[in-house]
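Structure, as structure tokens:
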Amino acid sequence: MKLMKTLPLTATAALLPTLAVAQDAGVDASSDSIFIFNSLLFLIGGFLVFWMAAGFAMLEAGLVRSKNVTMQLTKNISLFSLAAVAYYLIGYNLMYPLGNWSIGADETGGYLGAFGPALLEAVGVGRDAADDYGYASTGSDFFFQLMFCATTASIVSGTLAERIKLWPFLIFVIILTAFIYPIQASWKWGGGFLDSQFGFLDFAGSTVVHSVGGWAALAGAIILGARKGKYVDGKVVPMMGSNLALATLGTFILWLGWFGFNGGSQLAMGTVGDVADVSRIFANTNTAAAGGAIAALILTQVMYGKVDLTMVLNGALAGLVSITAEPLTPSLGAATLIGAVGGVIVVFGVPFLDKLKIDDVVGAIPVHLFAGIWGTLAVLLTNGDATFMGQLLPIIIVGVFVFVVSLVIWVILNGVMGIRVDEEAEVNGLDTSELGMEAYPEFSKG
Amino acid sequence: MKLMKTLPLTATAALLPTLAVAQDAGVDASSDSIFIFNSLLFLIGGFLVFWMAAGFAMLEAGLVRSKNVTMQLTKNISLFSLAAVAYYLIGYNLMYPLGNWSIGADETGGYLGAFGPALLEAVGVGRDAADDYGYASTGSDFFFQLMFCATTASIVSGTLAERIKLWPFLIFVIILTAFIYPIQASWKWGGGFLDSQFGFLDFAGSTVVHSVGGWAALAGAIILGARKGKYVDGKVVPMMGSNLALATLGTFILWLGWFGFNGGSQLAMGTVGDVADVSRIFANTNTAAAGGAIAALILTQVMYGKVDLTMVLNGALAGLVSITAEPLTPSLGAATLIGAVGGVIVVFGVPFLDKLKIDDVVGAIPVHLFAGIWGTLAVLLTNGDATFMGQLLPIIIVGVFVFVVSLVIWVILNGVMGIRVDEEAEVNGLDTSELGMEAYPEFSKG
Amino acid sequence: MKLMKTLPLTATAALLPTLAVAQDAGVDASSDSIFIFNSLLFLIGGFLVFWMAAGFAMLEAGLVRSKNVTMQLTKNISLFSLAAVAYYLIGYNLMYPLGNWSIGADETGGYLGAFGPALLEAVGVGRDAADDYGYASTGSDFFFQLMFCATTASIVSGTLAERIKLWPFLIFVIILTAFIYPIQASWKWGGGFLDSQFGFLDFAGSTVVHSVGGWAALAGAIILGARKGKYVDGKVVPMMGSNLALATLGTFILWLGWFGFNGGSQLAMGTVGDVADVSRIFANTNTAAAGGAIAALILTQVMYGKVDLTMVLNGALAGLVSITAEPLTPSLGAATLIGAVGGVIVVFGVPFLDKLKIDDVVGAIPVHLFAGIWGTLAVLLTNGDATFMGQLLPIIIVGVFVFVVSLVIWVILNGVMGIRVDEEAEVNGLDTSELGMEAYPEFSKG
Amino acid sequence: MKLIIAAIKPFKLEEVREALTGLGVRGMMVTEIKGFGSQSGHTEIYRGAEYAVNFVPKVKLEIVVADAMAEQVVETIAKTAKTDKIGDGKIFTLDVDSALRVRTGETNDDAL
Amino acid sequence: MKLIIAAIKPFKLEEVREALTGLGVRGMMVTEIKGFGSQSGHTEIYRGAEYAVNFVPKVKLEIVVADAMAEQVVETIAKTAKTDKIGDGKIFTLDVDSALRVRTGETNDDAL
Amino acid sequence: MKLIIAAIKPFKLEEVREALTGLGVRGMMVTEIKGFGSQSGHTEIYRGAEYAVNFVPKVKLEIVVADAMAEQVVETIAKTAKTDKIGDGKIFTLDVDSALRVRTGETNDDAL
Ligand SMILES: Nc1ncnc2c1ncn2[C@@H]1O[C@H](COP(=O)(O)OP(=O)(O)O)[C@@H](O)[C@H]1O
Ligand SMILES: Nc1ncnc2c1ncn2[C@@H]1O[C@H](COP(=O)(O)OP(=O)(O)O)[C@@H](O)[C@H]1O
Ligand SMILES: Nc1ncnc2c1ncn2[C@@H]1O[C@H](COP(=O)(O)OP(=O)(O)O)[C@@H](O)[C@H]1O
């Protein structure tokens with residue numbers, strides 16, 4: 000469970016400062032310094048994960064056709080903004096009840112967290128008044144966690160691109176970020192039953208964040224249906240991304256942000272062990288992404304005779320998702336291979352979804368859901384504390400919960416207001432039909 | 000006043016290290032650590048604010064027509080470079096005279112700072128030789144402050160785009176960054192009369208940075224006049240931005256940079272209270288941007304029946320400007336609302352300027368000037384130390400000073416060399432006519 | 000030599016913690032804090048340098064013609080991924096043998112480092128088990144150094160764009176990052192003979208990183224030959240970059256990343272002197288880039304009567320390369336001038352290469368090789384420890400080594416598999432001919 | 000021979016191309032154009048300012064066919080491009096003097 | 000009917016369209032083209048290398064009108080597009096065999 | 000006068016323009032088009048899905064010349080654009096009624 004993770008260490012430092020000096024020819028950081036280091040890790044990690052919102056926006060803007068770019072950009076900046084407010088008003092305390100479960104208890108297992116908006120510490124708070132002096136400032140923790148919640152929503156927008164209406168999508172985002180994500184996240188990171196009863200291990204969220212986004216996207220894709228003309232008499236009609244430079248930029252942005260995503264999830268940087276772990280995590284995260292990209296690079300060359308850049312981009316991201324459940328314990332070699340498997344999963348996962356006629360515009364489901372499941376299971380390879388059932392059952396429980404609830408919400412939204420634009424609007428592009436504004440008004444398009 | 004702000008705290012730590020342990024079951028960071036933490040905050044904050052220069056470049060490149068993109072990019076990278084040198088040679092000491100006022104004094108009020116280029120501490124400087132051991136390294140402070148100065152110049156380039164000549168614009172930038180910005184900034188952040196006599200509060204510069212850029216832009220827009228064909232027989236002719244993906248990227252970059260802009264303005268991170276405050280600021284800055292974006296999202300939907308992405312982007316930026324004068328004291332809720340009002344201001348401010356036939360290509364005046372004024376007044380809502388007159392008068396004083404001086408300079412530049420390209424050059428676009436180089440030479444344009 | 004650089008200072012802190020308080024009314028950071036600060040510097044510096052990979056990708060994607068953009072993006076993300084793995088498997092220990100030279104010795108001079116993959120410290124490593132408790136975590140150092148290695152490879156891809164086949168290029172990248180770069184880097188930064196015998200000074204790698212990339216690119220450009228139609232009957236035919244907005248974005252990204260590149264190369268942040276030095280480096284790095292941009296801005300205006308944005312971009316980068324060999328000792332003024340000379344070098348260097356019919360698509364050779372040599376010699380201007388021969392000879396030794404070895408490899412690759420696409424493929428563009436995928440499929444091109 | 004110029008809705012291009020191929024048409028030139036016609040004129044709002052959209056994206060086909068085939072081609076395009084909504088497009092027919100296939104030097108009907 | 004092809008300066012497009020609408024022209028096809036003509040040939044410098052700019056951006060109008068109207072349309076375009084500077088453009092007139100409005104099936108003059 | 004319409008491979012544009020200038024052609028309109036013809040139809044793979052590439056990028060030249068010159072122009076284009084590879088392109092010739100130079104008001108042959 001996140002909040003407790005670092006207590007033992009830091010508590011020592013906080014309560015027994017005088018002893019510090021004693022320990023093997025070295026001096027602990029002071030308890031203030033530890034508090035500052037931990038908070039700083041959250042702030043740096045937080046702004047790096049924030050940057051991922053821009054990464055998703057660019058990746059998706061580059062992979063949709065130009066007639067839908069304005070809409071995709073609008074969805075991305077709007078979903079982040081709405082997620083920020085929804086998580087503040089409802090999500091944060093649902094996710095981190097600190098024991099005050101609405102349903103369940105820390106010991107017997109928590110199921111539903113607390114209600115009420117997030118509250119930060121007072122201005123210029125002192126040591127004694129700090130919520131958790133042995134850990135980090137609440138504001139930094141809130142800032143960091145908020146970004147994870149928004150990431151989940153970003154994943155959904157890519158899959159449903161080019162055909163879903165703006166407002167139903169945004170309403171779903173609010174529900175996802177205020178309730179669905181925080182509730183299931185509390186089960187693990189809030190100290191709920193998946194953490195206390197199942198010993199589930201998911202370091203930075205291959206399941207808790209990425210699979211969740213993937214499941215919600217999958218449910219939406221099923222209800223929404225494929226884009227017009229995507230599948231005609233059994234054949235898949237490719238709809239090329241309009242700007243691969245943007246797609247590549249988006250991938251690099253996500254890669255960069257991921258250092259904060261995984262590194263920050265160490266949740267502490269105030270001891271030699273913690274900062275060395277954060278360092279391991281940075282190195283492993285990077286090499287896993289490289290592994291995923293290389294796997295897709297080679298595989299597309301071998302299978303298709305030509306390298307497919309969009310697969311290489313997806314491969315790098317799949318590598319990142321794969322290592323997210325356990326970026327600490329693997330060696331550099333293991334991390335590279337875990338990421339490489341993610342790359343392979345994507346190369347096969349994308350056409351596989353097409354076979355099922357599930358239209359995932361940017362490949363978010365293979366990248367975040369398939370590789371997310373793989374990554375969560377891969378914890379077993381390098382972390383002795385992980386048990387097969389302790390990983391598998393939570394994957395299923397979270398999957399069923401998110402998929403079913405999302406499905407219900409999509410069905411309701413569809414019934415109430417219709418989630419899909421009409422055919423002509425789709426053909427002409429959502430930019431002109433829904434927003435009356437083109438992303439590239441001056442460039443003639445084919 | 001910035002430089003003094005953190006002295007009390009850190010001084011204690013520096014002078015009474017031995018007492019540190021005593022305080023309530025916790026240990027202060029060592030005086031070295033505090034110095035390092037503060038300097039690090041400036042370095043991280045500084046590179047984040049640097050990044051905003053790229054944000055302005057992309058935002059503006061995306062909002063001008065493709066025939067003026069090369070020019071807009073040239074202006075942006077050049078203005079930053081010139082600002083960097085101008086601030087080093089003249090601006091820094093004008094802004095931070097450390098008491099050595101050319102006109103005025105700390106007690107009676109400083110009006111004109113010191114002259115002379117910036118000087119960094121010696122290489123490998125020791126504790127004793129450090130300019131301010133109780134605070135942070137001079138180099139980190141200079142680096143951080145320089146970026147604020149450059150930001151002011153970036154604001155101007157957007158408003159005057161698509162018709163102003165390169166060199167007159169760059170000459171104005173030099174004057175703005177060497178004199179205008181630093182002089183008025185010294186009045187508040189250099190400990191001048193606005194700080195000592197008026198008790199003016201402007202945490203990170205809604206007025207000192209953003210309004211200043213806005214006033215300078217407004218003066219320029221008036222002298223320069225509107226783009227040919229922008230206002231024909233009473234009607235406003237829209238001139239669409241050529242690349243909304245770039246505009247959105249620019250907005251995300253600015254949003255990211257703003258964490259450094261506001262967070263770094265806490266000016267210290269070496270105590271529990273300071274790092275907790277920085278955390279509050281990050282969280283408030285983010286939620287204010289979200290509030291501004293959401294307000295514009297909803298408002299354009301309601302008013303126009305369609306969401307206007309460019310307004311949502313401006314809304315997010317207006318939210319950021321609005322919270323900049325006081326990102327610390329508001330609660331998350333208050334910050335969200337303060338930002339939301341900024342978003343509303345932009346949605347009404349853009350057409351309002353058009354009514355006045357003031358042609359602001361990217362909406363920089365509503366975003367930075369209008370929302371900047373609002374943000375400066377909004378300090379009254381959450382900070383008990385703020386007084387109405389203490390906020391209002393400085394807004395007016397700074398406004399009059401910057402607007403009048405800028406106006407005079409624009410008039411002189413116009414008389415001496417002419418600041419506007421001739422009509423044919425404007426019609427054909429500044430890229431081919433002024434630079435002989437297109438930004439997108441291969442893509443056919445309409 | 001990098002690894003040792005900070006030992007003295009930090010060792011003191013580690014071994015004599017109790018004395019700390021004594022020193023002039025200030026308290027050292029605790030040995031843990033120093034370890035954490037140093038590691039943190041590497042992590043922040045590392046992710047900033049990682050970001051440069053995106054910068055190169057955008058810069059190059061913007062400067063090639065649209066028919067080769069997908070290929071350029073593919074090369075950039077692939078080369079980074081391969082470099083990451085090659086450096087982990089072979090490069091790191093070749094570069095940092097920590098005394099275990101395969102050929103040579105620390106005292107008499109090391110020539111060839113150690114073989115074997117990189118090994119990180121154990122999870123949650125303790126003070127005693129840390130590889131170098133007086134310095135920083137191995138993981139953070141590895142992460143940081145890896146990014147430098149990848150940078151070298153990025154430099155090569157720009158020069159050889161638009162005509163080289165994907166796979167031969169990637170094979171060269173593997174050899175460059177596994178062997179060529181690490182071996183010569185060990186001579187200086189690994190404590191090899193250039194460091195111990197020549198007293199060579201190259202702070203962050205004007206020679207060790209940038210010139211090396213430049214030499215490898217030059218060798219490739221000679222073997223590869225110019226693009227079809229680039230030089231016709233004595234005249235140079237310009238081939239315009241397809242997207243100057245991306246090129247400018249790439250430049251800003253590189254500029255940002257450079258703060259990590261040079262600042263991180265201080266290798267320590269745990270003392271007042273170190274953090275003040277890092278601050279100096281940030282300020283100098285920024286002003287050198289500004290100097291380079293301004294020099295190119297003015298020079299192209301004067302020489303051609305019109306400003307050339309692509310030269311201004313190259314100028315900023317040349318300024319950065321120029322200051323990289325010694326970003327610490329120069330004053331702000333000296334740093335600005337050193338950078339400005341870099342800008343001048345580029346403006347003359349680009350047409351000079353064209354005269355020699357050496358086709359460098361993005362100007363990487365003038366920027367990284369020419370300015371790199373200048374920067375390495377410029378150390379003499381501000382660092383008293385530098386000797387003329389101590390700078391010149393290493394420049395030559397490294398140059399000859401990298402150029403000759405690269406040349407041989409290019410020749411072999413050319414003989415074995417052919418490194419150049421056939422003429423029709425080149426004319427139609429590598430995107431359709433080699434990858435069957437356009438970067439901007441919807442936008443009609445001329 | 001005849002030159003048939005047709006302005007149609009972009010999303011109909013693929014369908015029309017297939018129909019014409021079925022007819023034996025072996026070549027055409029396709030250009031993206033901005034079309035002005037009865038469909039034009041609806042208004043949009045950009046940053047608070049209302050404006051009329053005068054040009055709508057269309058695709059222009061230029062096809063040279065033997066006289067015998069012309070009528071059939073026109074009919075096929077018309078049939079396939081029809082959506083019965085305003086803006087379906089126009090088809091014009093012009094006389095062609097001569098045709099030449101660059102690669103083979105074949106002329107007129109053989110060149111098509 | 001006549002097909003009128005005009006190459007004009009891009010910034011004159013809107014003005015010309017309005018003038019023609021005033022005349023009763025109810026449709027046209029607009030294409031962005033690269034024009035080569037007397038205006039071409041000035042030199043620019045890119046990264047230190049001088050080169051000649053042979054093509055200048057132009058806009059091509061294609062308008063089919065009834066014979067009766069042709070002359071008037073040509074004159075109007077000429078009058079409106081004129082700036083008296085080199086590169087103002089050219090106007091060509093060709094014969095059109097037949098016209099068809101896809102939506103209604105109307106033919107020839109009725110289709111315009 | 001004649002209107003010569005030629006669809007050629009994009010990379011041949013510059014060569015053809017030079018050849019024509021040598022011939023005394025003083026103007027032309029160049030348009031980027033998507034060409035459909037015998038060259039079309041090869042398949043590519045995008046994200047695992049195979050598809051046929053039906054359109055290949057071509058450049059369309061439209062040149063109005065005096066009758067006397069027409070043949071020569073066609074031959075020159077054919078000669079210069081020829082690569083003997085499939086997709087070299089086509090050249091069509093049409094009659095032109097009248098021509099007008101906007102700037103000067105010159106008409107027909109004088110306008111070219
Ligand atoms: N007189 C004309 N000359 C050339 N093109 C025309 C003409 N009239 C219409 N067009 C083309 O046909 C397209 C469709 O015509 P429009 O009048 O909009 O719809 P409809 O044919 O259904 O009335 C227009 O966008 C334009 O490109
Ligand atoms: N013989 C021609 N055939 C086709 N288009 C032409 C011809 N001559 C000129 N044009 C078009 O007219 C445009 C203007 O002609 P140009 O000779 O540049 O200016 P002017 O008409 O003022 O002499 C050219 O850019 C080209 O597009
Ligand atoms: N019947 C036609 N009408 C109009 N354009 C044609 C016709 N046939 C071919 N073209 C144009 O000529 C180009 C080359 O023709 P294609 O058949 O591909 O090669 P080739 O001429 O060598 O057989 C095509 O891409 C198309 O643009």
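Residue numbers (numbering that gives the first Met the number 0), protein chains in the order written: chain P, 0 to 445; chain X, 0 to 445; chain G, 0 to 445; chain F, 0 to 111; chain S, 0 to 111; chain Y, 0 to 111.
In this text, a Cβ means the ideal position worked out from N, Cα and C, and glycines have one as well.
Just so you know, these numbers come straight off a predicted model, no measurement behind them.
Asked	Found
Note down, in chain order, all residues in the stretch 40–52 of chain Y with a beta-carbon under 7 Å from any beta-carbon belonging to chain P.	I44, Y45, R46, G47, A48 and Y50
Going by alpha carbons, who is nearest to L145(P) out of L62(X), F281(X) and L379(X)?	F281(X)
Mind checking which residues open and close the beta strand (DSSP E) that includes M28(Y)?	M27 to F35
What does the alpha-carbon distance come out to for the pair N261(G) and F202(G)?	8 Å
Can you grab the Cα-Cα spacing for the pair L78(G) / A152(G), in whole Å?	7 Å
For chain X, find out if any of its Cβ atoms is closer than 8 Å to the Cβ of D472(G); answer yes or no.	Since the first residue shown for chain G is 0 and the last is 445, residue 472(G) is missing from the structure and cannot be characterised.
At a threshold of 7 Å, does D108(Y) count as lining ligand 2 (C-beta to nearest heavy atom)?	no
By how many angstroms is the C-alpha of K187(G) removed from the C-alpha of I394(G)?	11 Å
Can you find the residues in the same chain that come closer than 6 Å, C-beta to C-beta, to E61(F), ignoring five residues on each side of it along the sequence?	I4 and M28
Going by DSSP, what residue range makes up the beta strand (DSSP E) through G191(P)?	Where G191(P) is concerned, there is no enclosing beta strand (DSSP E), given that its DSSP letter is neither H nor E.
Verify the CB distance criterion: does R279(P) have a CB-CB separation below 8 Å to chain G?	yes
Between the beta-carbon of V345(G) and the beta-carbon of A295(G), is there less than 8 Å?	yes
Closest to G157(P) by CA distance: which of F55(P), I418(P) and F347(P) is it?	F55(P)
Rounded to the nearest angstrom, what separates P329(P) and P116(G) at their Cα positions?	15 Å
Going by the C-beta, is G86(Y) closer than 7 Å to any heavy atom of ligand 3?	yes
Count the other CB atoms within 10 Å of the CB of E31(S); is the residue buried (16 or more) or exposed (fewer)?	buried
Tell me whether Y180(X) sits in a helix, a strand or coil according to DSSP, three-state version.	helix
So, is the C-beta of E31(Y) closer than 8 Å to a C-beta in chain G?	yes
Just verifying my parser: in three-state terms, what is the DSSP assignment at K356(X)?	coil
Beta-carbon within less than 7 Å of D430(P)'s beta-carbon, same chain only, minus the 5 sequence neighbours each way: which residues are those?	K66, N67, V68, T69, M70, M436, E437 and A438
How would you write the range of the alpha helix (DSSP H) that V301(G) sits in, first residue to last?	V271 to Y303
If you check the beta carbons only, do K33(S) and P9(S) fall under 8 Å apart?	no
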